[in-house]
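Asker:
Residue numbers (the working numbering): 1 to 385.
(1) Measure the C-alpha to C-alpha separation of residue 385 and residue 350 and round it to an integer number of angstroms.
(2) Of all the beta strand (DSSP E) runs that stay within the bounds of the stretch 102-174, which reach a length of 3 or more residues?
(3) Between which two residues does the beta strand (DSSP E) holding residue 86 run?
(4) Give me the Cβ distance between residue 37 and residue 55, rounded to the nearest whole Å; I'm assuming they're in contact under 8 angstroms.
(5) Determine whether the beta carbon atoms of residue 231 and residue 269 lie at a separation below 8 angstroms.
(6) According to DSSP, residue 316 sits in a beta bridge with which residue or residues?
(7) On the premise that residue 50 lies in contact with residue 40, defined as a C-beta separation below 8 angstroms, what is that separation, rounded to the nearest angstrom?
(8) Please go through the same chain and pick out, in chain order, the residues whose beta-carbon is closer than 7 angstroms to the beta-carbon of residue 276, but skip the five residues on each side of it.
(9) How big is the Cα-Cα spacing for residue 253 and residue 367?
(10) With 16 as the cutoff for other CB atoms within 10 Å, does residue 159 come out buried or exposed?
(11) Going by beta-carbon coordinates alone, are residue 325 and residue 370 separated by less than 8 angstroms?
(12) Out of 121, 261, 174 and 164, which has the shortest C-alpha to C-alpha gap to residue 345?
(13) Less than 8 angstroms separating the beta-carbons of residue 417 and residue 331?
(14) If you drop the 5 nearest sequence neighbours on each side, which residues of the same chain put their C-beta closer than 7 angstroms to that of residue 206?
(15) What did DSSP end up calling residue 24 once you bin it into helix, strand or coil?
(16) Buried or exposed for residue 229, going by 16 or more other Cβ atoms inside 10 Å?
(17) Note down, in chain order, each residue of its chain lying with its Cβ closer than 6 angstroms to the Cβ of residue 328, except the 5 sequence neighbours on either side.
(18) Please return the same chain residues whose Cβ sits closer than 7 angstroms to the Cβ of residue 352, not counting the five positions on each side in sequence.
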């Protein structure tokens, strides 16, 4: 009995020691006297505060975190200046930077992954500058802009795949690279979009498989698996759609170009199913500034007229599916997502030139007016009801 009791005591002591293990993030950020430095966890469900410190003249700081079994992502933030880091096990990561340019000019020690994430962040910044220059070039025609964007983004993806994703797919930096974004027309889109590009699915699968081996059972590894499975299904759907010729002039019997896209549960919802109601057809991106205020305005309209026969069919072109699902969790109307993002065929078929854009459809699903023609939306809905 004494031996058993001693063994149990040893196990308890070991467990206590494991739970007390810490990872440390420390360093110096000069030029930020009196500024608040925030340590934030970049989780699958969003960004959450982990710790904070008010910097003094010498700029020193120190944070301690519970040790983790698999890499976890954090960011150090002062205002809008952000440094992304990954913490694995009981590492001690040391950061040296100068504010306000700390997002680009910093040195990190104690983590090769954090050093690679810095390289990726700088590459992403340069890509965004190149994209902005192409979009703002007045000498380029629309088709030339699209070709140029596809070229520079494609080159970026090839480089990152070869130098990071396929070279060391098990690393936190490779996971980080998969979720980088580029902003086009005010909307942030994933650079690697597995729901629209078969080659991007392979990149996600490569990292996911490696995480299974090196970080078995991790939540992020399982998340990668789910993304790959759903993306493969979506790719097959897109391939089937592309094998058919889409005639923009072909209107169905309800006199509307039908839309069929999945909602947050994965159920395909058709616009034509709402025939018999007045429909507000909305094209939007939840990543755009001002969306929260706009959603509140739509809620007022929906609550006022839904009982009398108004429905909202909302098409999101957010490339970040997880973000879209989070934003639409409490919406009472039909909200669907187009994985093709800004390359959506529906944007072309409905001649959507800007986001957001909405249309009012009558009870026969016939287009009545688009937002640019509407001065008083309540008056227009009343007339259709």
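Beta carbons are placed, not taken as given, at the ideal position from N, Cα and C, and that holds for glycine.
Answerer: Result, derived from the coordinates:
(1) Cα to Cα, residue 385 sits roughly 23 angstroms from residue 350.
(2) As far as the stretch 102-174 is concerned, its whole beta strand (DSSP E) runs of at least 3 residues are 106-109.
(3) Element bounds for residue 86: 81-87.
(4) Going by Cβ atoms, the distance from residue 37 to residue 55 rounds to 5 angstroms, so yes, they are a contact pair.
(5) With respect to residue 269, residue 231 sits apart: the two C-beta atoms are not nearer than 8 angstroms.
(6) Per DSSP, 284 and 337.
(7) Contact holds; Cβ gap of about 6 angstroms.
(8) Cβ contact annotation for residue 276 (same chain, cutoff 7 angstroms, sequence separation greater than five): 363, in chain order.
(9) Interpretation of residue 253 is limited by its pLDDT of 40, a score under 50 that renders its predicted location unreliable; the figure taken from the coordinates is listed afterwards. So the two alpha carbons sit approximately 13 angstroms from each other.
(10) By the neighbour-count rule (16 or more Cβ atoms within 10 Å), residue 159 is not buried but exposed.
(11) Note that the C-beta distance between residue 325 and residue 370 is not below 8 angstroms.
(12) Distances from the CA of residue 345 to each of 121, 261, 174 and 164 were compared; the closest alpha carbon is that of 261.
(13) No statement about residue 417 is possible, as the shown extent of the chain runs from 1 to 385 and does not include it.
(14) So the list reads 165, 166 and 169, once near-sequence residues are dropped.
(15) Strand, per DSSP.
(16) Exposed, since its Cβ has fewer than 16 Cβ neighbours within 10 Å.
(17) 264 and 335.
(18) 283.
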